[in-house]
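I have placed the structure first, in the form of structure tokens, so that the comments after it can refer back to it.
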Amino acid sequence: CCFHHDCCYGRAEQAGCQPKTESYHWECKDNSAVCDSLEDKCQKMACECDREAAKCFSKAPYHRKYLLWPDFMCGEIQPLCR
513 CCFHHDCCYG RAEQAGCQPK TESYHWECKD NSAVCDSLED KCQKMACECD
563 REAAKCFSKA PYHRKYLLWP DFMCGEIQPL CR
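Take 513 as the starting number for the sequence shown in this note's numbering and just add one per residue.
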């Protein structure tokens, strides 16, 4: 989930946005974040990235043992963003 979120933020940054500091208003409908009312491109991109991450986190198991897991333990081959 975090990898895809980082890639999504990377695409937003390439589009000239600052998703890490962009604030936006979202709504909750049927237990899902909704970004439909946003007209600003950067706000919409940040919201969509966060919405997809929230959906991913809701389906993924959580393992406390990985809470402070260092990146170097994940291996040398890093996946590429698509």
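Ideal placement from N, C-alpha and C gives every residue a C-beta, glycine not left out.
Are residue i and residue j touching if we call contact CB-CB under 8 angstroms?
i    : j    : result
F515 : P573 : no
F569 : C520 : no
E539 : C554 : no
G528 : C593 : no
In three-state terms, what does DSSP make of residue i?
i    : result
K553 : helix
S535 : coil
R594 : coil
A572 : coil
C529 : coil
E564 : helix
Opposite residue i in the DSSP bridges: which residues?
i    : result
S544 : K541
For the alpha helix (DSSP H) containing residue i, list its first residue and its last residue.
i    : result
C519 : 514-526
Report all residues from its chain with a CB closer than 8 angstroms to the CB of residue i; omit the five preceding and five following residues, and keep chain order.
i    : result
E564 : H516, H517, C520
S549 : H537, E539
Once the 5 residues before and after residue i are set aside, which same chain residues still bring their CB inside 7 angstroms of it?
i    : result
E525 : P531
Skipping 5 residues on each side, what residues in its chain have a beta carbon closer than 6 angstroms to that of residue i?
i    : result
V546 : E539
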